[in-house]
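Notes follow the structure.
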Amino acid sequence: MKRPPLRARLLTALAGDPDGTPRWVRELAEGDDDGYFPDGGAVWTVHAGTATFVAGIRALLIQALHPGAMAGVHDFSRYREDPIGRLTGTVRWIICVTYGSTAQAQQETARVGRLHERVAGTYATDAGVHAYSASDARLVEWVHLAFTEAFLGAHERWGGPIPGGADAYVREWAIAGRLMRVENPPETEADLRERLQGFLDGGELRRDERVDEVVRFLRDVPFTGSMRLAYRVLFAAAVASLPRPYRQLLGVRRTVLPVVTATRLVLAASQRALGSGPRAQDFARERHRRLMRQQAGSIPRAELRRSDR
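Structure representation (C-alpha cells):
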C-alpha cells in the first residue's frame, strides 16, 4: 500500500484530517471580527512556524513537573490510547484562539472548559494528600506559563524574528491566558521567567514515577516510517532546548549529536510539505479580506451573510 505524502501525514497528526481542513479550520473563514491577534503580529508569527513541533513536546515535558497537572493527565487523559486525538484536541484550541474570530475563540475555549470540569481528584506526596482541580488558579497559571515559555523558547531557537520581540509574544498570548481564566498573566518575558522561577524555588515541582512514565511515552510516541525518525529528532531537540533546571528535574540529558542542526532540517522539510497547500491562517485571512470589503461597502450586506453560511 502506497504511503500517504508527508503533508497528509503531518496534517492527520495535527488536525485529524489529511487535507488539514476539518470543519473547525474551515470556520476560521467565518465570523464578524478580526479575532484577538493581528495578522503579522507576535502570536501569528510564532504559532505559524514549525518550531511549534518542538514547542509542543517541550511544553508537555515542563507541565508534567507539576504534580497537580500530572495527576490530571494520569487520571483523565487518554494520551496512551489515543495520542493523536489528544494532540489534535490541543492543536484545535491553539489554532482557533490564534486565528479565529473572537466568537470562535470563545466557543473553543468553552469547549475545552467543559472537558476540564470533571478533572479533579487527589494526589499524594511526602507532605500528604493534596486535592487538585483543572480550575485551580495556581494550576491554570502553571499550564499557561509552561506553554508560553515553551513556544517562545522554541521559536527563539528555530524560528525567525518576532515582531515586537519576546515581550510582544508574552503580552499578546496573555489574552489566551485570560480566556482560560488565568489571573493576571505575565505580559513581559522578565515576568514570565520570574513566575516560572517561583514554582521552582517554592518546591512545587517534582519528579516521580508518573513523570517518568510520561517522559518514556513522549520519547517514543508511536509514529511510523520517516515521521518516527523525525519525531525522535524533535524530542531530542525539546530536551536540549530545556533550561537546565527542568532537565535536571526530569532526569533527562542533552544528546551529544548535532540535534539543533538536525532539527532545522526536519522543520524545513515540514515547512515545505505544509506550504504546498492551504493552512489555517489562509482561512483567517479570507475572513479578514471579507470584512475589509464589507467595511469598504463593496458588496451588499445580505450577500456577505450568505457567504458566511
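Residue numbers for the sequence shown follow our numbering, so the first one is 234 and each next one is one higher. We treat Cβ as the ideally placed atom computed from N, Cα and C, and that holds for glycine.
Subject >> CA nearest to the CA of A513, picked from T457, L244 and R411 >> reply: Taking the first residue of the sequence shown as position 1, residue 513 is located at position 280. Closest by alpha carbon: L244.
Subject >> Extent of the continuous alpha helix (DSSP H) to which A364 belongs >> reply: Against the sequence shown, residue 364 aligns to sequence position 131. From DSSP, A364 is part of no alpha helix (DSSP H) but of the beta strand (DSSP E) over G361 to S366.
Subject >> Own chain, CB closer than 8 Å to S503, minus 5 neighbours either side, in chain order >> reply: For the purposes of this step, residue 503 is taken as the residue at position 270 of the sequence shown. Same-chain partners within the cutoff: L239, L243, T283, F286 and A463.
Subject >> Assigned exposure category for G305 - 16 Cβ within 10 Å defines buried >> reply: Indexing the sequence shown from 1 puts residue 305 at position 72. When all chains shown are included, G305 counts as buried.
Subject >> 4 or more residues per run - each alpha helix (DSSP H) lying fully within the segment 400-442 >> reply: 422-434
Subject >> E350 to R411 span [Cα, whole Å] >> reply: If you number the sequence shown from 1, residue 350 lands on position 117. If you number the sequence shown from 1, residue 411 lands on position 178. Answer to the nearest angstrom: the Cα atoms are 17 Å apart.
Original post:
DSSP puts A357 in a beta bridge; with which residues?
Top reply: Here residue 357 corresponds to residue number 124 of the sequence shown, with the count starting at 1. DSSP lists V362 as partners of A357.
Subject >> Nearest residue (CA-CA) to L475, options A248, R497, A387 and T355 >> reply: Here residue 475 corresponds to residue number 242 of the sequence shown, with the count starting at 1. That would be A387, whose Cα lies nearest to the Cα of L475.
Original post:
From which residue to which residue does the alpha helix (DSSP H) around Y269 run?
Top reply: Your numbering for residue 269 matches position 36 in the sequence shown. Per DSSP, Y269 belongs to no alpha helix (DSSP H) and is neither H nor E.
**OP:** Grab me the residues of M234's own chain with a C-beta within less than 6 Å of its C-beta, minus the 5 sequence neighbours each way, in chain order.
**Re:** On the sequence shown, residue 234 is found 1 positions in, with the first residue counted as 1. Its pLDDT being 47, under 50, M234 is placed unreliably in this model, and the value from its coordinates should be taken loosely. Nothing meets the Cβ criterion.
**OP:** Indicate whether A248 and P255 have their beta-carbon atoms separated by less than 8 Å.
**Re:** Looking up residue 248 in the sequence shown gives position 15. Looking up residue 255 in the sequence shown gives position 22. A contact, by the Cβ cut-off of 8 Å.
Subject >> Range covered by the alpha helix (DSSP H) that runs through I295 >> reply: Here the question's residue 295 lines up with position 62 in the sequence shown. T285 to Q296 is the extent of the alpha helix (DSSP H) around I295.
**OP:** Measure the Cβ-Cβ separation of G268 and A338 and say whether it is below 8 Å.
**Re:** Residue numbering aside, residue 268 sits at position 35 when the sequence shown is read from its first letter. Residue numbering aside, residue 338 sits at position 105 when the sequence shown is read from its first letter. Against a cut-off of 8 Å, the Cβ pair of A338 and G268 comes out as a contact.
Subject >> Beta-carbon spacing of A292, A383 below 8 Å >> reply: Residue mapping note: residue 292 aligns to position 59 of the sequence shown, counting from 1. Residue mapping note: residue 383 aligns to position 150 of the sequence shown, counting from 1. Yes.
Subject >> Euclidean distance between Cα positions of W406 and A360 >> reply: To locate residue 406, count along the sequence shown from 1; it is residue 173. To locate residue 360, count along the sequence shown from 1; it is residue 127. Computed Cα separation, rounded: 35 Å.
Original post:
Is I395 helix, strand or coil by DSSP?
Top reply: As a position in the sequence shown, residue 395 is number 162, starting the count at 1. Looking at I395 - three-state DSSP - the assignment turns out to be coil, as it is neither helix nor strand.
Original post:
Can you check whether the CB of T494 is closer than 8 Å to the CB of A469?
Top reply: Along the sequence shown, read from residue 1 onward, the residue named residue 469 stands at position 236. Along the sequence shown, read from residue 1 onward, the residue named residue 494 stands at position 261. It is not a contact, given that the beta carbons lie outside the stated cut-off.
**OP:** Could you pull the start and end residues of the alpha helix (DSSP H) that S459 belongs to?
**Re:** Here residue 459 is taken as the residue at index 226 of the sequence shown, counted from 1. Segment G458 to S474, the alpha helix (DSSP H) holding S459.
Subject >> Contact check, A275 vs I408, beta carbons under 8 Å >> reply: Looking up residue 275 in the sequence shown gives position 42. Looking up residue 408 in the sequence shown gives position 175. Not a contact, by the Cβ cut-off of 8 Å.
Subject >> D400 versus R452 - alpha carbon distance >> reply: As a first step, residue 400 is located in the sequence shown; it is residue number 167 there, counting from the start. As a first step, residue 452 is located in the sequence shown; it is residue number 219 there, counting from the start. Those two C-alpha atoms are separated by around 31 Å.
Original post:
Can you name, in chain order, every residue of its own chain whose Cβ lies under 6 Å from the Cβ of V499, other than the five neighbours on each side?
Top reply: Position 266 of the sequence shown, counting from 1, holds the residue named residue 499. So the list reads A463 and V466, once near-sequence residues are dropped.
Original post:
Tell me which same chain residues have a C-beta within less than 6 Å of the C-beta of R443, skipping the five on either side of it?
Top reply: As a first step, residue 443 is located in the sequence shown; it is residue number 210 there, counting from the start. M303 and H307, listed in sequence order.
Subject >> Close beta carbons around S310, own chain, < 8 Å, minus the five adjacent residues each side >> reply: Numbered from its first residue, the sequence shown carries residue 310 at position 77. Closer than 8 Å at the Cβ level, and outside the excluded window around S310, lie R319.
Original post:
Roughly how many angstroms lie between the CA atoms of R371 and F270, to the nearest whole one?
Top reply: Mapped onto the sequence shown, residue 371 falls at position 138. Mapped onto the sequence shown, residue 270 falls at position 37. Rounded to the nearest angstrom, the two C-alpha atoms are 26 Å apart.
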